[in-house]
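Residue 35 is where the sequence shown starts when you use my numbering, and the numbers rise one by one after that. We put the CB at the ideal spot given by N, CA and C, even for glycine.
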Amino acid sequence: MMPSFDKSSQPKDVMLLEAQQQPWRHGFLTLMRMLDAHAKDAPHIGQSQRPQQDNFRLGQQASLAFAPREIARVVEKNGTPHIYLFGLGMLGPNGALPIHYTEQVRERTEARRDQTLANFLDIFHHRSFTHLYRAWAQSQAAAGLDRVEDEAFTNYVARLTGDEPSELRHSPLPPHARWASAAHRVRGPRDPEGLVSSLKRFFGVPVKLDEYRLQWMPIEPQDRCQLGMSNESAMLGLGAMVGEKVPDRQTRFCLTIGPLNMDAYLRLTPQGSASGKDLPALVELVRSFIGFEYVWEVELLIRSDTAPASTLGGGTQLGWSTWMDQQKTTTTKAITGMVLEPENYVLSH
Numbered sequence: 035m036m037p038s039f040d041k042s043s044q045p046k047d048v049m050l051l052e053a054q055q056q057p058w059r060h061g062f063l064t065l066m067r068m069l070d071a072h073a074k075d076a077p078h079i080g081q082s083q084r085p086q087q088d089n090f091r092l093g094q095q096a097s098l099a100f101a102p103r104e105i106a107r108v109v110e111k112n113g114t115p116h117i118y119l120f121g122l123g124m125l126g127p128n129g130a131l132p133i134h135y136t137e138q139v140r141e142r143t144e145a146r147r148d149q150t151l152a153n154f155l156d157i158f159h160h161r162s163f164t165h166l167y168r169a170w171a172q173s174q175a176a177a178g179l180d181r182v183e184d185e186a187f188t189n190y191v192a193r194l195t196g197d198e199p200s201e202l203r204h205s206p207l208p209p210h211a212r213w214a215s216a217a218h219r220v221r222g223p224r225d226p227e228g229l230v231s232s233l234k235r236f237f238g239v240p241v242k243l244d245e246y247r248l249q250w251m252p253i254e255p256q257d258r259c260q261l262g263m264s265n266e267s268a269m270l271g272l273g274a275m276v277g278e279k280v281p282d283r284q285t286r287f288c289l290t291i292g293p294l295n296m297d298a299y300l301r302l303t304p305q306g307s308a309s310g311k312d313l314p315a316l317v318e319l320v321r322s323f324i325g326f327e328y329v330w331e332v333e334l335l336i337r338s339d340t341a342p343a344s345t346l347g348g349g350t351q352l353g354w355s356t357w358m359d360q361q362k363t364t365t366t367k368a369i370t371g372m373v374l375e376p377e378n379y380v381l382s383h
């Protein structure tokens, strides 16, 4: 009887046992990825210098039939899993060697119980299959996350956007949330739709962007129009302007976020809530799109059925989470909460 794997609580042992009992339900790459993820102290599959560094063995099942599936069988020998494939090797109808080699290996293995030739060819099969898996894994972002300390795909995406991962370790915005928007940020012109899409995906709430908000920009004292001055700011038709401020609609926009429940609303306020603060992450994500070039504000909307009524001795705060004359309601109609410029609060802290 073929030795079986120990059916323990280890995911690796459970999956190997399932692959031994039902090999047709498993794929070669999936099984290799599982073995690679659980071998934390060993080199990556395909990067080992000696076969002894691999805690498994790969080989090919000598068969004259076209491969009906990837994995032929999985067995345990002296505590080491041996995984045999139908294809991808030198034998079989699709192999590199002439077909009579497959016949010879099959005849010696099954008729004479002699594994010598098969084991010799499996030395090369093991190396070839592990290199094949490594070539696949290096191009897969998800496979790189199985062993986070050696993950490299993040660096590729980060540098497309001009970011250095080592400099962003202490950022309030999670790294993968920042680089999930790389497709939008890698382009020269940044569009409002890309910013709104990234905010919606990260926070999971409705977001709307209102462009061309009116603001009054102060004029520097040396550029103001003053009588008796001989510079251009005092000459009609050149630089003379009336007043100390000028209207501007080109450099200011507003993000409307919501309607939100009470906890999500408080998380986006400068003081945050008991469950955490989202305002620093919001600022970092917006900065990654626009830098410091624009002035922007946030208008927070809250669902009326979650807004608390103002009572003496209650936990609401004036200017933050207080609404006068709030009647008990079951509707989800949005009411306006705080309107703030997040940059002012983040920079002040």
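Is it buried or exposed, P57, if we count other Cβ atoms within 10 angstroms and call 16 or more buried?
buried
Just to confirm the assignment, what range does the beta strand (DSSP E) spanning H116 have?
114-119
Check whether R337 and L294 have beta carbons under 8 Å apart
yes
By a C-beta neighbour count over all protein chains shown, 10 Å radius and 16 as the cutoff for buried, is A177 buried or exposed?
buried
Quick check: the Cα distance between M35 and H134, rounded to an integer number of angstroms?
Confidence is the limiting factor: at M35 the pLDDT is only 40, short of 50, which leaves the residue's position unreliable, though a coordinate-based value still follows. Looking at the two C-alpha atoms, the distance is approximately 30 Å.
With a threshold of 7 Å on Cβ separation, who are the neighbours of M251 within its own chain once the five nearest residues in sequence on each side are excluded?
K279, V280, D282
May I ask you to list the residues that DSSP assigns as paired with P255?
Note: P255 sits in no beta bridge, so no partner.
Between H383 and the rest of its own chain, which residues show a CB-CB distance below 7 Å, the 5 nearest in sequence each way excluded?
Model confidence at H383 stands at a pLDDT of 48, short of 50, so the residue's coordinates are unreliable; what they give is reported in the following sentence. Excluding sequence neighbours, H383 sits near nothing in its chain.
DSSP three-state label for I79, please.
coil
Which residues in the same chain have their Cβ closer than 8 Å to the Cβ of T114, if we skip the five residues on either side of it in sequence?
N89, F90, R91
Limits of the alpha helix (DSSP H) - the one that G228 falls within
226-237
Just the Cα atoms here: how many angstroms apart are F120 and D184?
31 Å
Among G126, L51, D70, T303, the one whose alpha carbon lies nearest that of L179
D70
Tell me, to the nearest whole angstrom, how far the beta carbon of P376 is from that of V332; I am working on the premise that it is less than 8 Å.
6 Å
At least 3 beta-carbon pairs within less than 8 Å: the stretch 231-243 vs the stretch 307-322:
yes
On the criterion of 16 or more Cβ atoms from any shown chain inside 10 Å, does L233 qualify as buried, or is it exposed?
buried
Straight-line Cα distance separating G61 from E52:
12 Å
Count the other CB atoms, across all protein chains shown, that sit within 10 Å of the CB of D156; report buried if there are 16 or more and exposed otherwise.
buried
Spatial distance of P127 from H204 (CA atoms):
56 Å
Assigned exposure category for G93 - 16 Cβ within 10 Å defines buried
buried
Alpha-carbon to alpha-carbon, R193 and R219
11 Å
Backbone secondary structure at W357 - three-state DSSP:
coil
Give the DSSP-derived three-state secondary structure of Q54 in the structure shown.
helix
Do K74 and R181 have their beta-carbon atoms positioned less than 8 Å apart in this structure?
yes
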